[in-house]
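Numbering (the numbering used here), first residue to last: 179 to 487.
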């Protein structure tokens with residue numbers, strides 16, 4: 179994602195004295211900022227929702243022109259909250275395109291994440307709409323249950339946008355739609371759309387077929403980006419698994435990992451040890467090219483308040 183800045187003065191304010199503003203922005207957003215001689219600022223992250231939040235926040239800061247660490251934190255928090263409404267509206271739009279109107283709000287928000295996710299280079303929102311239309315057409319021809327096919331196609335990749343589930347995207351998707359109480363026929367269609375289990379119904383076969391048709395047409399997909407996203411996600415997951423870690427961010431194609439720790443759980447003496455332990459674990463378990471630099475950040479803030487007058 180890119181954001182255009184109006185002049186060098188604004189660019190300097192984004193960087194801040196000694197780079198403090200840009201460091202705050204990167205830490206709060208989880209997105210890397212790349213600035214060069216042009217008036218375009220590039221926002222880099224494998225997570226497209228993070229990039230969108232960062233883009234909106236940076237545009238708001240440029241318009242407001244009050245660019246300082248406390249204001250940066252405030253704006254990013256605000257945009258993150260607003261993003262929930264954006265995801266809901268995007269989810270409704272995708273679901274309505276597929277002819278679905280009565281799903282729970284939280285499930286609609288997950289569907290909204292399709293707009294900001296690609297699968298092998300193919301936008302997940304567009305792929306889902308296309309697959310659903312194909313699936314409904316096949317179901318009409320075969321006299322299958324259209325409602326099951328419609329929901330199966332709409333939700334087949336929901337596991338790809340769920341961030342707090344272990345296992346494959348199929349397993350994550352099945353667990354998610356079970357929590358929302360979807361019909362067992364829809365759950366089966368999602369569980370079987372990668373042939374992980376034998377097909378239990380003609381509707382499951384239709385969902386699998388429609389997915390294959392949408393994904394395999396010429397020009398629809400390419401693989402490197404999907405593998406890159408998986409690799410970056412794995413690096414962040416490994417770093418986040420250590421006790422006391424609040425958040426992790428992988429930059430520079432995974433060669434730079436920044437780890438934010440809870441100062442109440444990790445003291446200064448443990449920071450260096452933690453950085454070494456994370457690096458050792460990444461060396462054993464992660465796929466990467468070159469070297470990975472692990473930076474552990476422990477920040478302590480003290481706030482004093484005067485008595486009211």
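Don't be surprised by glycine CBs; every beta carbon is placed ideally from N, CA and C.
Judged by DSSP in its simplified three-state form, residue 281 adopts coil rather than helix or strand. Taken through DSSP and simplified to helix, strand or coil, residue 471 comes out as strand. Counting only runs of 4+ residues, the alpha helix (DSSP H) found wholly inside the region 221-277 occupies 226-242, 247-275, in chain order.
When C-alpha distances from residue 432 are compared across 447, 420, 239, 468, the shortest belongs to 468. Counting along the chain, residue 191 sits inside the alpha helix (DSSP H) bounded by residues 186-193. Take residue 228, set aside five residues on each side of it, and the residues of its chain with a beta-carbon closer than 7 Å to its own are 207, 208, 209, in chain order. Look at residue 293 here: in three-state DSSP terms it is helix.
Beta-bridge partners of residue 301 (DSSP): 296. Remark: C-beta atoms of residue 423 and residue 437 approach each other more closely than 9 Å. By the C-beta density criterion, residue 337 is buried, having at least 16 other C-beta atoms within 10 angstroms.
Within the DSSP secondary-structure output, residue 212 pairs in a beta bridge with 220. Residue 437 sits in a strand when the DSSP states are folded into three classes. Residue 428 sits in a strand when the DSSP states are folded into three classes.
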